[in-house]
Every structure is written in structure tokens, then in C-alpha cells.
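Heads up: the structure comes next, in C-alpha cells.
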Amino acid sequence: MTLYGVGLGPGDADLVTVRGRRVLESADVVYSPGRLSRSVATEHVPEDRIGDLDFPMTRDEDELRRAWKDAAEEIAPRARNGTAAFVTLGDPNVYSTFGHLRRTLSAFHSGVDVEVVPGVSAVTAFTTALGVEIAAGASIALHEAARGVSPTGPDRMILFKVTDVPATHDGLVEAGYDVVYGRRLYMDQGETVVTDDPDALSDRDYYTLAYAEKRGLDAEPATATFEAADPNPDSGSGVQTETDGGTPARAGDSLDAATLERAEGEACGDAVSGESR
Ligand SMILES: C[S@@+](CC[C@H](N)C(=O)[O-])C[C@H]1O[C@@H](n2cnc3c(N)ncnc32)[C@H](O)[C@@H]1O
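Position 134 of the sequence shown, counted from 1, bears residue number 733 in our numbering, the numbering being contiguous throughout.
Here's what the structure looks like:
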């Protein structure tokens, strides 16, 4: 029938989506590629429905291909005769092992249907954890920064696999970035740390990311002035979305499609041109 690739989110069991949980509960077998994803999955699935897969810790491509062929060999009959799930932390399609499995199945077991259930990715979860706002329209790049590497160039970067924080930090600061780090964000497993002090994270932990922003970026959103303007926030009437007649607006209130589209575009910060107001 189907293999579901299920994103588990960053690690807290209650950040699995409702759809992901439903799939896990109904799957005949749930494969997990690692200890951490297994520990999240077992919050939703009894141990006896978990199937473990062995992956060698290697960069040898032949060995990796062999491991994925073995994994696909194990999973394909279970997915053909029933429902199987393969879990990954975060989202299955973001910096994830799931792509290897999907490609291997499609090459050697093309009769297996594959569906993906997206998960809360560290790519977005870091914003709330680190107190960072990526304003609409801002560009941002993803990079790996393993073993002390310091990628540079883009104005804003999310860095994964920051395994040598002090060395990566030195390179970023020298290149003109402000950096904040997050370790084990939204994870049941281990202590969450958010800091801009590289020495607080001098030990290696794979589940560490960084957000780096070029110093001096001039990117004040229009509403930033409010933060300084009102010393007494209770003095006004509060923020309310109103229509022309002063009635609070509700989604779908007799708005035509073009108006709704424009409103949604504006809500994302898109400039909507060619429309009369
Ligand atoms: C191979 S990527 C997996 C990304 C995952 N598929 C996702 O969508 O979030 C692994 C890297 O993501 C980052 N990461 C994932 N989950 C994290 C978490 N809960 N806290 C901090 N960093 C995390 C770390 O930098 C880690 O080295």
C-alpha cells in the first residue's frame, strides 16, 4: 500500500502534527533511523511496532548505498502489503535522510507508493526559540557549519550541524556577523540552551544550530516605531482590525476573491501592485 515519511518535529513529542500522529497510530510498522527519532516515535507507537534500521556512520558512498538498498529491501514488502512509516526529526524533506530512502525505493521497488507528512522543521522552530523574527521579504540561506567551518556571504543564515561552536563563531564574527546559538530546541531529550556566548557551547553536540545575521542590516519593519512610541500601552484602545464602517472584520465577511487574495498578500508583506484601493 503506502510508505509514509513522517516528520516528527524538533523532538518534543507534542510537536508531532495531528496528521503525523494519526499515521503513526495506524501504521503496521514504524521505522526509525536513529535513537532520538525512536524516542519520539515511542511516545505515540508501542515498542513492538517500531522497526529499527542500521545505518553505518560513514561517508563512504558505496557503503551508504548498500545500507539504503538493505533498508529499502526490508521496508518495501511491509509497505506493499500494508502501511509502513519512516520517521525523521524535523521535516522529512529538509536536510534529511528520507530523500535517500525515497530514491532507493523508486529505483528498486517502484511499486511502493510514498507519501510525506511534513513536520515542524528546525528551520522554522528556531525563530521562536531564539526570539528571532524573519520579516516578510527577508532573504535567508541554509548552510552546514560542521567541524568549525564558518560559511559567509548571505545577510542571514541558519547554520546546521554546528559541532565546533567556538571555531565557527570566530570566523563569523570576523566576517561581520552577529550570531545566536540554539541547542536541543524543543527537545525532551537533553537541556535546551539558547545563547550568544560560544564558550557556553564548547562541547560538541550535533543538535546545535546557529542564526547569523550581518551586523548593521537596515531592516526596520514599519511597526518597529510602536515599540518606542507608547510608554503606556493601556492608554489606547488596543489593536483591532476594522473595516471602513468600524465593524471588526472576520475572515470571509462578504469579501470577493480578489480582495481576499490582496489581503492575504499584504498579510505576508507582499506588495500588491496594479490594484486600486
Ligand atoms: C540533518 S539536519 C536535520 C533537519 C531536520 N530534518 C529538520 O527539518 O529540522 C540536523 C541538524 O538540524 C539542526 N537541528 C535539528 N533539530 C534541532 C533541535 N531540536 N535543536 C537544535 N538544532 C536542531 C542541528 O543543527 C542538526 O545538526
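Heads up, the beta-carbon is just placed ideally off N, CA and C, and yes, glycines get one too. Everything numeric in this text was worked out from a predicted model, so none of it was measured.
Check: Below 8 Å between beta carbons: does that hold for residue 667 and residue 699?
Finding: Your numbering for residue 667 matches position 68 in the sequence shown. Your numbering for residue 699 matches position 100 in the sequence shown. Yes. Within cutoff.
Note to self: Please give the ranges of any beta strand (DSSP E) in the region 637-690, keeping only runs that are unbroken, at least 3 residues long and fully inside the region.
What the structure shows: Within the region 637-690, the complete beta strand (DSSP E) runs of at least 3 residues are 649-651, 682-687.
Checklist line | Cβ shell of residue 635 (< 7 Å), same chain only, five flanking positions each side left out | finding: Walking along the sequence shown from the start, residue 635 turns up at place 36. Closer than 7 Å at the Cβ level, and outside the excluded window around residue 635, lie 610, 688, 788.
Note to self: Please report the straight-line C-alpha distance between residue 727 and residue 659, rounded to a whole angstrom.
What the structure shows: Counting from one through the sequence shown, the residue named residue 727 turns up at place 128. Counting from one through the sequence shown, the residue named residue 659 turns up at place 60. The alpha-carbon atoms of residue 727 and residue 659 are separated by roughly 37 Å.
Next item on the list: Go to residue 807, then tell me how far its beta strand (DSSP E) extends in each direction, as first and last residue.
Entry: Position 208 of the sequence shown holds residue 807. That run of the beta strand (DSSP E) goes 807-813.
Item checked: Minimum C-alpha distance to residue 645 - residue among 652, 624, 665, 662 -> Counting from 1 along the sequence shown, the entry for residue 645 is found at position 46. With distances taken between Cα atoms, residue 645 lies closest to 624.
Check: Considering only C-alpha positions, which residue in the set 643, 642, 780, 770 is nearest to residue 759?
Finding: The residue you call residue 759 lines up with position 160 of the sequence shown. The residue with the shortest Cα to Cα distance from residue 759 is 780.
Item checked: alpha helix (DSSP H) segment containing residue 790, residue limits -> As a first step, residue 790 is located in the sequence shown; it is residue number 191 there, counting from the start. Taken as a continuous stretch (DSSP letters only), residue 790 belongs to no alpha helix (DSSP H), as it is neither H nor E.
Notebook entry, point to check: In whole angstroms, what is the alpha-carbon distance linking residue 598 and residue 661?
Noted result: The chain is shown only over 600 to 876; residue 598 falls outside these bounds and no answer can be derived.
Next item on the list: For residue 849, count neighbouring Cβ atoms within 10 angstroms of its own Cβ and tell me buried if that reaches 16, exposed if not.
Entry: Position 250 of the sequence shown, counted from the start, is the residue given in the question as residue 849. With a pLDDT of only 37 at residue 849, under the threshold of 50, the placement of this residue in the model should not be trusted; the figure read from the coordinates follows. The residue in question, residue 849, is exposed, as its Cβ has fewer than 16 Cβ neighbours within 10 Å.
Note to self: Tell me whether residue 688, by its Cβ, gets closer than 7 Å to a heavy atom of ligand 1.
What the structure shows: Within the sequence shown, numbered from 1, the residue matching residue 688 stands at position 89. Answer for residue 688: yes, Cβ within range of ligand 1.
Margin query: For residue 679 and residue 601, what's the separation of their Cα atoms in angstroms?
Written below: Residue numbering aside, residue 679 sits at position 80 when the sequence shown is read from its first letter. Residue numbering aside, residue 601 sits at position 2 when the sequence shown is read from its first letter. Answer to the nearest angstrom: the Cα atoms are 7 Å apart.
Item checked: Member of 628, 748, 729, 756 whose CA lies at the smallest distance from the CA of residue 739 -> Taking the first residue of the sequence shown as position 1, residue 739 is located at position 140. Ranking the options by Cα distance to residue 739, first place goes to 756.
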